[in-house]
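Data first, discussion second: the structure below is written as structure tokens.
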Amino acid sequence: MKEFPYSESKDTRSGFGAGLHELGKSNPNVVALTADLTGSLKMDAFKKDFPERFFQVGIAEANMMGIAAGLTIGGKIPFTGTFANFSTGRVYDQIRQSIAYSGKNVKICASHAGVTLGEDGATHQILEDLGMMKMLPHMTVINPCDFNQTKAATIAIADYEGPVYLRFGRPVVPNFTPADQQFEIGKAVVLNEGADVSIFATGHLVWKAILAGKILAEKGIDAEIINIHTIKPFDEEAVLASVRKTRCAVSAEEHQMNGGLGDSVAQLLAREEPLPLEMVAVNDSFGESGTPDQLMEKYGLMENDIVAAVEKVLARKRK
Amino acid sequence: MSQPSASTSPVTSETHSASATKTPAELKQIAAQVRRDIVRMVHGVSSGHPGGSLGCADLLVALYFRVMKHDPAFAMNGEGEDLFFLSNGHISPVWYSVLARSGYFPVSELGTFRKLNSRVQGHPATEEGLPGIRIASGSLGQGLSVAIGAAQAKKLNGDDRQVYVLMGDGELEEGQVWEAAMYAPHHKVDNLIALVDRNGQQIDGPTDAIMNLGNLRAKFEAFGWKVLETDGNDLEKLVPTLEEARQLSGQGLPIMILMDTQMGYGVDYMMGSHKWHGTAPNDEQLELALQQLLVDQQSDY
Numbered sequence: 009m010k011e012f013p014y015s016e017s018k019d020t021r022s023g024f025g026a027g028l029h030e031l032g033k034s035n036p037n038v039v040a041l042t043a044d045l046t047g048s049l050k051m052d053a054f055k056k057d058f059p060e061r062f063f064q065v066g067i068a069e070a071n072m073m074g075i076a077a078g079l080t081i082g083g084k085i086p087f088t089g090t091f092a093n094f095s096t097g098r099v100y101d102q103i104r105q106s107i108a109y110s111g112k113n114v115k116i117c118a119s120h121a122g123v124t125l126g127e128d129g130a131t132h133q134i135l136e137d138l139g140m141m142k143m144l145p146h147m148t149v150i151n152p153c154d155f156n157q158t159k160a161a162t163i164a165i166a167d168y169e170g171p172v173y174l175r176f177g178r179p180v181v182p183n184f185t186p187a188d189q190q191f192e193i194g195k196a197v198v199l200n201e202g203a204d205v206s207i208f209a210t211g212h213l214v215w216k217a218i219l220a221g222k223i224l225a226e227k228g229i230d231a232e233i234i235n236i237h238t239i240k241p242f243d244e245e246a247v248l249a250s251v252r253k254t255r256c257a258v259s260a261e262e263h264q265m266n267g268g269l270g271d272s273v274a275q276l277l278a279r280e281e282p283l284p285l286e287m288v289a290v291n292d293s294f295g296e297s298g299t300p301d302q303l304m305e306k307y308g309l310m311e312n313d314i315v316a317a318v319e320k321v322l323a324r325k326r327k
Numbered sequence: 037m038s039q040p041s042a043s044t045s046p047v048t049s050e051t052h053s054a055s056a057t058k059t060p061a062e063l064k065q066i067a068a069q070v071r072r073d074i075v076r077m078v079h080g081v082s083s084g085h086p087g088g089s090l091g092c093a094d095l096l097v098a099l100y101f102r103v104m105k106h107d108p109a110f111a112m113n114g115e116g117e118d119l120f121f122l123s124n125g126h127i128s129p130v131w132y133s134v135l136a137r138s139g140y141f142p143v144s145e146l147g148t149f150r151k152l153n154s155r156v157q158g159h160p161a162t163e164e165g166l167p168g169i170r171i172a173s174g175s176l177g178q179g180l181s182v183a184i185g186a187a188q189a190k191k192l193n194g195d196d197r198q199v200y201v202l203m204g205d206g207e208l209e210e211g212q213v214w215e216a217a218m219y220a221p222h223h224k225v226d227n228l229i230a231l232v233d234r235n236g237q238q239i240d241g242p243t244d245a246i247m248n249l250g251n252l253r254a255k256f257e258a259f260g261w262k263v264l265e266t267d268g269n270d271l272e273k274l275v276p277t278l279e280e281a282r283q284l285s286g287q288g289l290p291i292m293i294l295m296d297t298q299m300g301y302g303v304d305y306m307m308g309s310h311k312w313h314g315t316a317p318n319d320e321q322l323e324l325a326l327q328q329l330l331v332d333q334q335s336d337y
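The listed protein sequences correspond, in order, to chains E and V.
First residue of the first sequence: 9, per our numbering; consecutive thereafter.
First residue of the second sequence: 37, per our numbering; consecutive thereafter.
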């Protein structure tokens with residue numbers, strides 16, 4: 009098992025803020041909008057240095073999505089910033105008609121996704137957003153794993169023409185990916201090569217998968233760990249190449265089982281390579297108030313849960 | 037993907053250079069031909085929305101044949117041009133006819149309205165690449181927000197042309213409209229001219245009975261808009277109002293034109309009734325309508 013050294017832990021939303029600020033300097037067409045959550049989305053630096061390209065919309069997310077779509081017509085590249093819940097469920101029809109169906113170059117940037125939003129509770133803890141967004145034709149869906157990767161993804165999506173959903177979160181997590189990485193949309197990253205089982209993880213669960221890999225190594229299980237930072241387009245080639253070697257898989261995500269990463273893996277395996285799969289995800293339940301760590305534990309999203317899923321899938325593989 | 041194409045300086049079309057001098061009488065002739073197109077389009081597929089389309093024919097003809105600077109060669113970004121957005125997308129027949137007769141695409145293509153493999157979709161869309169359409173509409177309440185964004189992009193680009201958006205009056209029941217109505221004055225979007233087709237009808241009945249819209253002038257003025265009112269079926273009044281709106285733009289306030297129309301205007305049995313919101317005429321009714329929509333030189337597709 010490879011080592012993944014890091015010097016500090018940071019929140020992924022700050023990676024977005026840092027990437028957006030760099031884009032402000034490098035790309036005059038980049039504009040930013042927020043629905044009364046400038047600080048929560050870490051958009052303060054962009055607002056301070058590029059006030060003429062920053063639009064405060066107030067608490068009106070539907071209007072924000074429409075305005076963003078309109079801005080693209082004049083060649084602007086709008087980045088909208090609010091919580092993941094208000095970036096998707098609240099404005100699904102606006103995104104569907106004015107952005108996705110209309111093929112508009114809007115970057116929907118969504119923070120506080122999943123249960124790690126914490127104490128605010130289930131009203132704000134969306135666990136369905138990846139599913140809603142990946143179902144939309146034309147939509148690209150990205151869920152990076154740490155500060156550096158979120159920053160790199162933010163910068164990369166400005167150069168891609170088309171609607172993008174970029175999901176990140178609130179808690180600090182180890183910042184282990186390279187600061188100088190080139191983010192390739194749709195290209196899975198093999199973090200650790202292994203022979204016994206493929207672990208496909210996204211977002212905050214990537215670090216949990218690394219922790220699980222260490223525990224598994226101590227048990228003599230050689231896990232391949234792959235970071236699926238892009239949910240759509242889905243890197244089918246990378247997933248198939250891995251499972252053709254390991255012959256079984258575990259998916260891990262801070263999202264509902266329905267509609268998430270595991271669902272994409274399952275569809276692919278069913279079509280191309282019917283092999284056993286276990287899913288680490290929230291199973292048809294809303295979240296609740298609590299600390300992020302308490303919630304990750306209660307909803308079965310910790311490294312131990314991944315280890316248990318691996319042991320279960322290995323038993324199925326041996327049958 | 038609909039992306040702004042490389043910017044080219046807009047060429048004023050022949051259509052437009054001729055249009056600048058069009059008299060109300062000439063506009064009326066074009067509007068009558070557009071109305072013939074509308075009833076024939078919806079009759080051809082026994083579906084679509086003739087009522088609101090007929091009511092707004094005078095407005096769209098006035099905009100495209102007299103008021104707006106626009107180029108049928110069509111660039112998505114519309115740099116240096118006035119832009120028009122149709123928020124109440126169900127009245128697509130009137131827009132399609134006016135676009136075709138302005139030179140955006142062949143008039144014969146109107147015959148493919150609502151048919152399989154057509155660019156002329158039931159509601160306006162960019163997916164098939166129909167020239168003249170910049171965003172999909174149909175699910176109501178979204179167009180004002182889109183127009184605001186397009187208008188703010190024009191300001192950022194130093195482009196001094198205007199952005200027009202038409203909404204239905206029933207559409208004002210959608211909450212997003214009021215989010216946008218609050219935003220535009222706050223951000224001084226004064227290159228925006230919004231219009232409401234106040235025909236007083238919606239699918240289930242008169243707006244007064246379904247959801248009373250109240251005093252729209254007072255409501256928009258309270259939100260900080262400059263409000264004008266006009267008769268949307270009288271070109272002698274409509275064109276001067278549109279010209280007044282242009283003169284009032286650039287003064288810090290978004291402009292709202294409340295335009296009284298009659299649903300089904302031009303076809304007597306359709307006028308003033310919500311029953312023709314989304315019903316197509318049968319063969320007999322089509323003949324009756326065409327007898328009433330006379331033009332000096334008929335050019336049906």
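Note that the Cβ used here is the ideal one computed from N, Cα and C, for glycine as well.
Taking the straight line between their C-alpha atoms, what separation do you get for V/G236 and V/K64? Here residue 236 of chain V refers to the residue found at position 200 when the second sequence is read from its first residue. Here residue 64 of chain V refers to the residue found at position 28 when the second sequence is read from its first residue. Rounded to whole angstroms, V/G236 to V/K64 spans 23 Å at the Cα level.
Output needed for E/N37: all residues of its chain with C-beta closer than 7 Å, excluding positions within five of it in sequence on either side, in chain order. Working through the first sequence from its first residue, we reach residue 37 of chain E at position 29. Counting only Cβ-Cβ distances below 7 Å, and skipping sequence neighbours, we find G83, K84 and I85.
Mind checking if V/V130 is an interface residue toward chain E, Cβ cutoff 8 Å exclusive? Position 94 of the second sequence, counted from the start, is the residue given in the question as residue 130 of chain V. By this cut-off, V/V130 is not an interface position.
Cβ closer than 7 Å: which chain V residues qualify as neighbours of E/D101? Locating residue 101 of chain E in the first sequence gives position 93, where the first residue counts as 1. Chain V residues near E/D101: S175.
Under DSSP, the alpha helix (DSSP H) around E/N235 begins and ends at which residues? Counting from 1 along the first sequence, the entry for residue 235 of chain E is found at position 227. No alpha helix (DSSP H) contains E/N235, which is instead part of the beta strand (DSSP E) from A231 to N235.
Please tell me whether V/E272 and V/M247 are closer than 8 Å, where the distance is taken between their beta carbons. To locate residue 272 of chain V, count along the second sequence from 1; it is residue 236. To locate residue 247 of chain V, count along the second sequence from 1; it is residue 211. For the pair V/E272 and V/M247, the CB atoms are not nearer than the 8 Å cut-off.
Do we get a CB-CB distance below 8 Å when we pair E/Y109 with the residues of chain V? Numbered from 1 along the first sequence, position 101 holds the residue referred to as residue 109 of chain E. Output row for E/Y109: interface = yes.
Residue range of the unbroken alpha helix (DSSP H) whose run includes V/I344: Nothing in the structure corresponds to residue 344 of chain V, since chain V is present only between 37 and 337.
Taking 8 Å as the CB-CB cut-off, is V/Q198 touching chain E? Here residue 198 of chain V is taken as the residue at index 162 of the second sequence, counted from 1. No, no contact with chain E.
Check each candidate in V/E145, V/N113, V/L324 and V/G125 and name the one with the smallest Cα separation from E/L79. Along the first sequence, one-based indexing puts residue 79 of chain E at 71. When only C-alpha atoms are compared, the closest one is V/N113.
Please classify E/S17: does DSSP put it in a helix, a strand, or coil? Here residue 17 of chain E refers to the residue found at position 9 of the first sequence. In the structure shown, E/S17 adopts extended strand secondary structure according to DSSP, grouped into three states.
Hey, E/R175 and E/A118 are a contact pair by Cβ (cut 8 Å); roughly how many whole angstroms apart? Within the first sequence, the letter at position 167 stands for residue 175 of chain E. Within the first sequence, the letter at position 110 stands for residue 118 of chain E. Separation of the CB atoms of E/R175 and E/A118 is rounded to 5 Å, and the pair is thereby assigned contact status at 8 Å.
Taking C-beta pairs closer than 7 Å, name the residues in chain V that E/K222 reaches, listed in chain order. By one-based count along the first sequence, residue 222 of chain E stands at place 214. Correct list: empty, because the minimum Cβ distance to chain V is about 43 Å.
Tell me the rounded alpha-carbon separation between V/Q212 and V/G300. As a working mapping, residue 212 of chain V is identified with position 176 in the second sequence. As a working mapping, residue 300 of chain V is identified with position 264 in the second sequence. So the alpha carbons of these two residues sit roughly 27 Å apart.
In angstroms with no decimal places, state the Cα-to-Cα distance between E/E281 and V/L122. Residue numbering aside, residue 281 of chain E sits at position 273 when the first sequence is read from its first letter. Residue numbering aside, residue 122 of chain V sits at position 86 when the second sequence is read from its first letter. Spanning the two alpha carbons is a distance of roughly 48 Å.
For chain V, is any of its Cβ atoms less than 8 Å away from the one on E/G78? Numbered from its first residue, the first sequence carries residue 78 of chain E at position 70. Put simply, the CB of E/G78 is near chain V, with a gap under 8 Å to one of its CB atoms.
Report the partner residues of V/Q238 according to the DSSP bridge assignment. By 1-based counting over the second sequence, the position of residue 238 of chain V is 202. In DSSP, V/Q238 forms a bridge with V/G241.
Classify E/E286 as buried or exposed, calling it buried when 16 or more other Cβ atoms lie within 10 Å of its own Cβ. In the first sequence, counting from the first residue as 1, residue 286 of chain E sits at position 278. Around the beta carbon of E/E286, 16 or more other beta carbons lie within 10 angstroms, which makes this residue buried.
Compare the C-beta of E/Q157 against all C-beta atoms of chain V and say whether one is closer than 8 Å. Position 149 of the first sequence, counted from the start, is the residue given in the question as residue 157 of chain E. Not a single CB atom of chain V sits nearer than 8 Å to the CB of E/Q157.
Where does V/Q4 sit, in a helix, a strand or coil, going by DSSP? For residue 4 of chain V there is no data in the structure shown, the boundaries of chain V being 37 and 337.
Buried or exposed (CB count within 10 angstroms, at least 16 for buried), V/A109: Looking up residue 109 of chain V in the second sequence gives position 73. In summary, V/A109 is exposed, with fewer than 16 beta-carbon neighbours lying within 10 Å of its beta-carbon over all protein chains present.
Assuming E/I165 contacts E/K115 (C-beta within less than 8 Å), just tell me the rounded distance between them. For this step, residue 165 of chain E is matched to residue 157 along the first sequence. For this step, residue 115 of chain E is matched to residue 107 along the first sequence. About 5 Å; that satisfies the 8 Å criterion.
Residues, ordered as in the chain, of the segment 18-43 of chain E that lie near chain V by beta-carbon distance below 8 Å: Listed in sequence order: V39.
Pick from V/T59, V/P60 and V/V182 that is closest to E/I103, judged by C-alpha positions: Taking the first sequence and counting its residues from 1, one reaches residue 103 of chain E at position 95. Among V/T59, V/P60 and V/V182, the Cα nearest to that of E/I103 belongs to V/V182.
What three-state label does DSSP hand V/I293 in the structure shown? Numbered from its first residue, the second sequence carries residue 293 of chain V at position 257. For V/I293, the three-state secondary structure derived from DSSP is strand.
On a CA-only basis, which of E/Y100, E/S22, E/G170 and E/D154 is nearest V/S175? Give me that one, please. Within the second sequence, numbered from 1, the residue matching residue 175 of chain V stands at position 139. Among E/Y100, E/S22, E/G170 and E/D154, the Cα nearest to that of V/S175 is on E/Y100.
Identify, in the order they occur along the chain, each residue of the same chain with its Cβ nearer than 8 Å to the Cβ of E/N71, setting aside the five sequence neighbours on each side. By 1-based counting over the first sequence, the position of residue 71 of chain E is 63. For E/N71, where only same-chain residues beyond five positions count, the Cβ hits under 8 Å are V65.
Got a sec, what are the start and stop residues for the beta strand (DSSP E) V/K262 sits in? Position 226 of the second sequence holds residue 262 of chain V. Note, V/K262: beta strand (DSSP E), K262 to D267.
Length of the line joining the Cα atoms of V/E257 and V/S173: Within the second sequence, numbered from 1, the residue matching residue 257 of chain V stands at position 221. Within the second sequence, numbered from 1, the residue matching residue 173 of chain V stands at position 137. When rounded, the distance between both Cα atoms is 26 Å.
What did DSSP end up calling V/K273 once you bin it into helix, strand or coil? In the second sequence, counting from the first residue as 1, residue 273 of chain V sits at position 237. DSSP places V/K273 in helix when its eight states are reduced to three.
Using CA coordinates, which residue listed in E/I239, E/T254, E/D243 and E/T185 is at the minimum distance from E/S15? For the purposes of this step, residue 15 of chain E is taken as the residue at position 7 of the first sequence. Of E/I239, E/T254, E/D243 and E/T185, the residue nearest in Cα terms is E/T185.
Can you confirm whether the segment 71-80 of chain V touches the segment 279-290 of chain V when touching is taken to mean that 3 or more C-beta pairs between the two stretches lie within less than 8 Å? Segments in contact, no.
Limits of the unbroken alpha helix (DSSP H) element including E/T80: As a working note, residue 80 of chain E is residue 72 in the first sequence. From DSSP, the alpha helix (DSSP H) with E/T80 extends over E69 to I81.
Output needed for V/R253: all residues of its chain with C-beta closer than 8 Å, excluding positions within five of it in sequence on either side, in chain order. One-based indexing of the second sequence puts residue 253 of chain V at position 217. Correct list, in chain order: V263, E265 and L294.
Taking C-beta to C-beta, are V/A61 and V/A93 nearer than 8 Å? For the purposes of this step, residue 61 of chain V is identified with residue 25 of the second sequence, where counting begins at 1. For the purposes of this step, residue 93 of chain V is identified with residue 57 of the second sequence, where counting begins at 1. No, they are not a contact pair.
So with CB distances below 7 Å, who are the chain E contacts of V/I184? Reading the second sequence from its first residue, position 148 is the one you call residue 184 of chain V. Result: I75 and G78.
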